[in-house]
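K.L.:
Have a look at this one.
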Amino acid sequence: MKTYISILRGINVSGQKMIKMADLKVLYEELGFKKVQTYIQSGNVVFEYQETEGNTLEKMIFDKILSHYGFEVPNLILTPKDIEEALKNNPFQQYEKMYFTFLNEIPKSENIEKLSGFNFVDEHYEVIGKVVYFYCPNGYGNAKMNNNFFENKLKVKATTRNLNTVKKLLEMTN
C-alpha cells in the first residue's frame with residue numbers, strides 16, 4: 001500500500017459544489033481506498049491504495065464524484081514526497097501568508113514567461129516545477145493573482161492550499 005494525498009478543486013466555496021467530508025470519506029472507501037482521512041472542508045484527503053499512477057487515481061475520484069453528485073470536481077494526486085519537496089523548495093519560507101498552487105503538469109516555459117509580465121503590488125510568486133509559490137501579505141482573498149489567474153496564464157489545471165494546510169497534510173501521512 002502507498003500513501004496518497006488528494007486535493008479537490010472548488011468544493012464548498014460560496015455554497016457551490018457542496019460535499020460533506022464524512023460523505024467524501026465514504027466515497028473514497030467505496031473506491032477501495034484504505035485509512036481515509038479528510039482535513040477541513042476544502043477537499044483534502046489522505047488515503048492508502050495499491051501503487052497506481054496519479055492520473056488513474058484522479059480519474060477514479062473524478063468519475064465517482066461526478067456519478068454520485070452530478071457535478072465535476074477536478075482533483076490532483078500528490079505523494080508525501082511531493083509535499084516534502086514543495087515545502088523544502090519554498091522560496092518564501094520566512095513568511096506565513098503564503099500559498100502553494102499545485103499544478104497538474106509543468107507549465108510551458110513560454111507561459112511562465114508571459115506570467116512574468118504581470119506585476120501586482122505586494123504579490124510575489126515563483127514557479128518551481130509543478131508548484132507556484134505565492135506570497136501575498138494582504139491576504140489571499142484580496143489578491144489579484146489567485147488559482148484562476150495562474151490556471152489561465154499558465155494554461156494548466158491547478159488547486160491552491162495555504163502553508164498550514166500543506167504542513168498538516170504532510171503530518172497526516174505519518
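If you're matching positions, the sequence shown starts at 1 in this note's numbering and goes up one per residue.
Just so you know, even glycine gets a beta-carbon here, dropped at the ideal spot from N, CA and C.
Pick helix, strand or coil for Ala-143, following the three-state DSSP scheme.
P.N.:
Working through the sequence shown from its first residue, we reach residue 143 at position 143. Coil.
K.L.:
If you draw a straight line from the alpha carbon of Ile-5 to that of Gly-32, how long is it in whole angstroms?
P.N.:
By one-based count along the sequence shown, residue 5 stands at place 5. By one-based count along the sequence shown, residue 32 stands at place 32. Near 15 Å, if we compare the C-alpha coordinates of Gly-32 and Ile-5.
K.L.:
By alpha-carbon positions, which one of Ala-158, Lys-144, Gly-117 and Asn-162 ends up nearest to Gly-129?
P.N.:
Here the question's residue 129 lines up with position 129 in the sequence shown. Comparing Cα positions, the closest option is Ala-158.
K.L.:
Assess, as a yes-or-no matter, whether the region 160–167 is touched by the region 36–51 under the definition of 3 or more beta carbon pairs within less than 8 Å.
P.N.:
The region 36–51 vs the region 160–167: in contact.
K.L.:
Between which residues of its own chain and Pro-74 is the CB-CB distance below 6 Å, once the five residues before and five after are set aside?
P.N.:
Residue numbering aside, residue 74 sits at position 74 when the sequence shown is read from its first letter. So the list reads Arg-9 and Lys-157, once near-sequence residues are dropped.
K.L.:
Taking the alpha helix (DSSP H) that Ser-14 belongs to, which residues open and close that run?
P.N.:
As a working note, residue 14 is residue 14 in the sequence shown. Neither: Ser-14 is in no alpha helix (DSSP H) and is coded neither H nor E.
K.L.:
Is DSSP giving Leu-31 helix, strand or coil here?
P.N.:
Along the sequence shown, one-based indexing puts residue 31 at 31. Reduced to three states, the DSSP call for Leu-31 is coil.
K.L.:
Using the three-state DSSP reduction, which class does Asn-55 fall into: helix, strand or coil?
P.N.:
Looking up residue 55 in the sequence shown gives position 55. Of the three classes helix, strand and coil, the one that applies to Asn-55 here is helix, per DSSP.
K.L.:
Using beta-carbon positions only, say whether Leu-78 and Phe-102 come within less than 8 Å of one another.
P.N.:
The count along the sequence shown starts at 1 and reaches residue 78 at position 78. The count along the sequence shown starts at 1 and reaches residue 102 at position 102. Yes. Within cutoff.
K.L.:
Report whether the distance from the Cβ of Ile-83 to the nearest heavy atom of the ligand ADP is below 7 Å.
P.N.:
Judged by which ligands are present, the structure shown has none, so any question about the ligand ADP falls away.
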